[in-house]
Amino acid sequence: MALLIETGLSNWISDADLAKEVLHQSPDADVRTPDTIGNPTEITMVAVSTLQDAHIERLPNLKLVQKLGAGVETIVGNPKLPDHIRVTRLRPDAPAQEIAEWFLAHVLRAQRHLGDYEAAQRKSEWSPKAPRITSDTKVGVLGLGTIGTRTALMLKGLGFQVMGWSRSPKQIDGVTCLHGQDALPELLGQCDYVCAILPSTPQTVGLFGADILAAMKPGSHLLNAGRGDLIDETALIAALDAGTPGHAVLDVTSQEPLPKDSPLWQHPGVTITPHVSGWHLGDALADVARNFERLSSGQPLLHEIDRGRGY
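Quick note on the numbering used here: the sequence shown kicks off at 313 and runs consecutively.
The structure is reproduced here in structure tokens:
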């Protein structure tokens, strides 16, 4: 039994560095990378950021796909993935903190008009503006899992009014929590900022179409660090042109990298970051090592996905 680490990404942590860390956690494990794969029939587990059809085709004894992150929609949604192959994800602390900080950074940037001052500096203009008052500002957080809860508490700790929304009931001290599809427009109509950290499921794909975007507060900000397929990007551009919402900050898009001819690049109401809100895995790679050990010994896996539900 062997573990193959192959992220499929060239602009992130290297496969070799990830393998080194897993070996640090489990020195006796048989950990391989594409450069040291050896006999593919010996691979029983693959750790990926993006599952490729080639993984399924060339690894005949594959039993487990470990996502090096949280979102697994491209894995469980792959029609070529046999039913017997199990799927696990990570619930790392480090990127949860980083994603919460990403939301906070962009909220504070707008609160303090930093974009306006950068534009004024380019024109040599001295143009002071009153900052928005934190305690008068309402922020909505969509998705109240580990990352969403941390984001909500971080914003609450700075004095923002915070509302949360999830599919099922949740409770967070000091946060007004709503749930269910019917409650979403109620939250959107009140919030100055909406921070989306939702998974990709049949219920969320294209959720932010024209009707939901129109339910947002005029001039509000939509921030998405969850999945790019949450937002109908054509509808978003039309909504921004109408001022509802007033701005969108997107760390994820429907196609990545975002094509050079996408109108999102040049739209004055859009800020793009290249899927960098959560970068480091921290000590979560220990769970990769533990899952390989558990798979090998027949023990229950950590953070296993219900493939039927998609999360």
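We treat Cβ as the ideally placed atom computed from N, Cα and C, and that holds for glycine.
Taking the alpha helix (DSSP H) that residue 598 belongs to, which residues open and close that run? 597 to 609
Please name the residue in 455, 429, 401, 507 whose C-alpha comes closest to that of residue 440. It is 429 whose Cα lies nearest to the Cα of residue 440.
With 16 other CB atoms within 10 Å as the buried threshold, where does residue 379 fall? Flag for residue 379 reads buried.
Could you check the C-alpha separation between residue 351 and residue 374 for me, to the nearest Å? 13 angstroms
In this structure, does DSSP put residue 540 in helix, strand or coil? Note: residue 540 maps to helix in three-state DSSP.
If we call anything under 8 angstroms between Cβ atoms a contact, is residue 594 one with residue 339? no
Counting pairs of Cβ atoms below 8 angstroms between the stretch 466 to 476 and the stretch 510 to 529, do you hit three or more? Taking a contact to require three or more Cβ pairs closer than 8 angstroms, the stretch 466 to 476 and the stretch 510 to 529 do not qualify as touching.
Excluding five sequence neighbours on each side, which residues of the same chain lie with their C-beta closer than 6 angstroms to the C-beta of residue 552? Only 581 meet the Cβ criterion.
Tell me, please, which residues DSSP counts as bridged to residue 484. According to DSSP, residue 484 bridges with 487.
Helix, strand or coil, according to DSSP, for residue 412 in the structure here? Look at residue 412 here: in three-state DSSP terms it is helix.
Go to residue 341, then tell me how far its alpha helix (DSSP H) extends in each direction, as first and last residue. Here residue 341 belongs to no alpha helix (DSSP H), and DSSP marks it neither H nor E.
For residue 318, which of 335, 336, 345, 334 has the nearest alpha-carbon? 345
Taking buried to mean at least 16 other C-beta atoms within 10 Å of its own C-beta, is residue 323 buried or exposed? Counting the other CB atoms within 10 Å of its CB gives residue 323 a total below 16, which places it among the exposed residues.
Would you kindly work out how many angstroms separate the C-alpha atoms of residue 333 and residue 454, rounded to a whole number? Going from the Cα of residue 333 to the Cα of residue 454 covers about 33 angstroms.
Is the beta carbon of residue 416 less than 8 angstroms from the beta carbon of residue 466? yes
Quick check: the stretch 482 to 502 against the stretch 567 to 579, are at least 3 beta-carbon pairs closer than 8 angstroms? Result no; under three Cβ-Cβ pairs closer than 8 angstroms.
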